[in-house]
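First up is the structure itself, then whatever we jot down about it.
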Ligand code: ASP
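In this note's numbering, the protein residues as written are 10 to 357.
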């Protein structure tokens, strides 16, 4: 039974309530494009407009499916693919570089109805890592594949392949040079075919260490799903993998509680199992979604010294987000409410 959410009105973090009790939305979607040092005045008007537009496009790509009775999983995948193709974000095209000058991509997806999950780490040639994570979930007996094996599985499944140069952006390369310079590490040659700067390169904002993308959704059947996709952290070494593809850390979904996607310093998200912890607080302690997200992000993550943020949705229509950085690119849409986009802390 779908509960009429009094909690919803209180807990809908980003969606200014117009006052009065509202019925819980039957479908909802929230997307993030990374948290980090994103302050007013730091982004040019063109950059800000480009990010807002991209976030809105991604959320709408999922919302259109949900509105027409599509599944939460399909909505998550569709919205993430839009962000993976957008060079503004640290996922797919536009991903950050490893210290060796490569793009090693991580992604995960989870179905809250069945608790099925799929994840990939360190893939280099799949255009849409989120589609590969979904293929792992649906077409392999495994939950997580990494490196060359994951690339081979991707080819075997017939997923769209991309040349490593496809993922290249000048702006992320400059971030790499800066990071390696600060660590006195050698600067590698750019990948062959890296090409001339594109107009969008100058719009990319280096939000510090983050910039991952993620989406959570609720469909009209009451099923939730979560997905996350990232290039990880700039100048990562030694096959480092963050929280995004780790089920329970950066990505989690269960119809018994909620769906969560995170962005931030992965090492802290893994140690706190941030996504699962939020869902556990909802499931076992009966916290509202917003209270659970705030408890984990504002208290536990902050106390441990990690930074970042999360987005979340619950089967009863609650929506929440929480971040302890100055900004997080985000967008939300739900049945009966207009699409909203935010970047800074003081935005609804
Ligand atoms: N959480 C990601 C990681 O640690 C980074 C990010 O959110 O941008 O790989």
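Positions of the beta carbon are idealized from the N, C-alpha and C atoms, including for glycine.
Item                                                                                                                         : Value
Proximity test, residue 98 beta-carbon vs the ligand ASP heavy atom, cut-off 7 Å                                             : no
Straight-line Cα distance separating residue 170 from residue 164                                                            : 7 Å
Residue 41 - containing beta strand (DSSP E), residue span                                                                   : 37-45
Near the ligand ASP: residue 219 beta-carbon under 7 Å from a heavy atom                                                     : yes
Residue of 287, 268 and 54 minimising C-alpha distance to residue 232                                                        : 268
Whole-angstrom distance between residue 40 and residue 341, CA atom to CA atom                                               : 6 Å
Segment contact, 8 Å Cβ cut-off, at least three pairs: the region 115-131 with the region 141-156                            : yes
Proximal residues to residue 182 (C-beta, below 7 Å), its chain only, five neighbours per side dropped                       : 106 and 199
Boundaries of the alpha helix (DSSP H) in which residue 291 is found, first to last residue                                  : 283-294
Short Cβ contact (8 Å threshold) for residue 226 with residue 81                                                             : yes
Any 3 or more C-beta pairs closer than 8 Å across the region 68-82 and the region 97-105                                     : no
Residues of its chain near residue 148, where Cβ-Cβ distance is below 7 Å and the 5 sequence neighbours each way are ignored : 166
Residue 158 versus residue 254: straight-line alpha-carbon distance, rounded                                                 : 16 Å
Outcome for residue 303 when other beta-carbon atoms lying within 10 angstroms are tallied against a minimum of 16           : buried
Status (buried if at least 16 other CB within 10 Å, exposed otherwise) for residue 293                                       : exposed
Spatial neighbours of residue 88 in its chain, beta-carbon cut-off 7 Å, leaving aside the 5 residues before and after        : 38, 40, 67, 68, 70, 71 and 224
Pairwise C-alpha distance: residue 296 and residue 175                                                                       : 44 Å
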